[in-house]
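A.B. asks: Here it is, the structure in full.
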Amino acid sequence: MLSMIITIVLIALFIYGIIKKLNPAMLLIIISVITLGVWQLVTGTSVMGENATGSLFIDLFELIYATAKTQVAGALLVIMSVLGYVEYMNSIKASEYLASIVAKPLRKINKPYLLATAVIVLGTILKLAIPSSLSMIVMLLAIVYPILIQLGVSRATAASAIMLSGFSACGPGDVLSTVIFGMAEVKDKTVPEFFISHHIPITLALLLVLMIVFPLISIFFDKREKDTVTEEAQSIQLEEFSLPKIYALLPLIPLVLIITFSKVVVGSIVISVVAANLISLVVSMIIHTICKKDLIGGLNSTRAFFNGMGRFFGNAGFILIAGAVFSSAITRIGGLTYLVNLIRNAGASPIILTFVACLIVFPVAICTGSVTAIIPLFLPL
């Protein structure tokens with residue numbers, strides 16, 4: 192019971208700190224270090240396990256270092272590479288050029304909320320080929336967000352539509368699906384069979400609900416916040432660009448590479464998101480250099496790519512690391528384990544168990560940025 196209360200208090204402290212506009216990364220680190228420090232003193236065990244340095248105090252910061260290495264080699268590097276390429280596309284005006292070309296015929300529809308909802312459907316389809324929801328969302332942010340702004344969609348609605356496009360771990364090649372499937376030790380079905388029999392019906396049902404609810408909620412909040420696209424964004428026309436038409440294709444290169452070299456299309460060759468963006472950078476740099484007829488300027492233009500990577504790490508990257516450390520603290524306390532066992536012993540129905548699990552996962556996911564660490568707790572249910 193005490194462990195569960197402590198877990199709730201920690202999450203409440205984080206939420207309170209966010210409301211008070213404290214730095215989320217530092218807030219998570221401070222809460223985690225204090226919590227893990229107390230846990231070490233009570234248990235007499237180092238958070239580093241077999242890799243302990245001999246000092247419980249130093250081990251706390253070694254854990255942050257170990258977590259950072261894991262995050263940078265995984266999700267962080269993926270996001271940094273995508274946002275680096277986005278920054279490069281913005282610097283050479285390729286993103287705005289693509290947005291203007293695509294938005295021109297779509298303006299005739301004059302239904303911004305319908306178009307924003309269509310992005311959710313688009314993301315669900317793309318998810319079949321792109322194994323990571325995070326990667327897909329960031330790429331859509333680079334390609335689709337400027338288009339939605341051009342079409343008169345408010346910034347909040349455009350961002351929400353793109354975020355919701357990755358609502359489901361849908362697809363036989365999805366990373367999270369594979370992880371959960373392996374943890375659950377399902378032996379009577381393969382991942383593709385499970386996808387067809389379980390994932391598709393649930394995904395379609397959720398997608399239908401989103402298509403109905405999303406535009407209604409977006410209209411309500413846009414009116415309340417008086418959030419509309421700026422006249423400056425709407426006024427951008429094709430005539431303002433003196434770029435070769437090939438520039439409009441440059442933002443699409445990573446997406447084309449990832450879809451083409453995936454298990455769904457080529458199959459025998461699967462490219463990573465980072466590699467796709469690096470290849471795209473080289474190709475775009477060559478094209479930009481040829482078009483500008485300036486070798487030095489073309490090479491120097493790639494600074495925007497690396498500046499974009501660094502800017503993300505400085506602004507939001509460390510929050511992912513801090514969230515992972517916070518997740519480790521919550522897991523070690525054992526409050527969630529206690530709650531899961533309490534629910535299991537209560538003999539509740541599967542529907543109630545699923546509902547309670549969602550209520551638990553939601554705040555933890557908000558605080559930590561990931562649900563992978565707590566998934567094993569719910570599998571026995």
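Residues are numbered in the numbering used here as their position in the sequence shown, beginning at 1, plus a constant of 191. Heads up, the beta-carbon is just placed ideally off N, CA and C, and yes, glycines get one too.
If you count every other CB in all the chains shown that lies within 10 Å of the CB of I387, and 16 or more means buried, which is it?
C.D. replies: I387 should be labelled exposed.
A.B. asks: Look at the Cβ atom of V263, then the Cβ atom of V329, and state whether they are nearer than 8 Å.
C.D. replies: Cβ atoms of V263 and V329: not closer than 8 Å.
A.B. asks: Going by the beta-carbon positions, is the gap between N468 and G240 smaller than 8 Å?
C.D. replies: It is not a contact, given that the beta carbons lie outside the stated cut-off.
A.B. asks: Answer yes or no: do G525 and S194 have a C-beta to C-beta separation smaller than 8 Å?
C.D. replies: Cβ atoms of G525 and S194: closer than 8 Å.
A.B. asks: On the three-state DSSP scale, how would you describe S492?
C.D. replies: Correct three-state label for S492: coil.
A.B. asks: Go ahead and label Y207 buried or exposed: buried means 16 or more other beta carbons lie within 10 angstroms of its beta carbon, across all protein chains shown.
C.D. replies: Exposed: under 16 other Cβ atoms inside 10 Å.
A.B. asks: Is the Cβ-Cβ distance between S356 and L331 less than 8 Å?
C.D. replies: Yes, the Cβ-Cβ distance between S356 and L331 is below 8 Å.
A.B. asks: Distance check for V269 and Y288, CA to CA, integer angstroms please.
C.D. replies: Between Y288 and V269, the C-alpha separation is close to 25 Å.
A.B. asks: Taking L511 as the reference, give the member of K454, K260, I210 with the closest Cα.
C.D. replies: Looking at the Cα atoms, K260 is the closest of the given residues.
A.B. asks: Taking just the CA atoms, how far does E253 sit from A515?
C.D. replies: So the alpha carbons of these two residues sit roughly 14 Å apart.
A.B. asks: So the alpha helix (DSSP H) L472 belongs to, where does it begin and stop?
C.D. replies: Where L472 is concerned, the enclosing alpha helix (DSSP H) stretches over 464 to 483.
A.B. asks: Taking 8 Å as the cut-off, decide whether the C-beta atoms of M280 and P442 are in contact.
C.D. replies: Yes, Cβ-Cβ distance for M280 and P442 is below 8 Å.
A.B. asks: Whose C-beta lies closer than 8 Å to the C-beta of A439 among residues of the same chain, with five residues either side of it excluded?
C.D. replies: Taken in chain order, the residues that qualify are A285, Y288, L289, I292.
A.B. asks: Please report the residue range of the alpha helix (DSSP H) in which L267 lies.
C.D. replies: Careful: L267 lies outside any alpha helix (DSSP H) and carries neither H nor E.
A.B. asks: Considering only C-alpha positions, which residue in the set R298, A309, P296 is nearest to I403?
C.D. replies: Comparing Cα positions, the closest option is A309.
A.B. asks: From this set, T545, N536, T522, which residue's C-alpha is nearest I199's C-alpha?
C.D. replies: When each option's Cα is compared against that of I199, the closest is T522.
A.B. asks: So what's L448 in DSSP terms, helix, strand or just coil?
C.D. replies: Three-state DSSP puts L448 in a helix.
A.B. asks: Measure the C-alpha to C-alpha separation of A513 and V473 and round it to an integer number of angstroms.
C.D. replies: About 33 Å.
A.B. asks: With C-beta atoms as the reference, is L348 less than 8 Å away from D413?
C.D. replies: Per the sequence presented here, residue 348 reads as Thr, with Leu not at that position. Yes, these two residues count as a Cβ contact at 8 Å.
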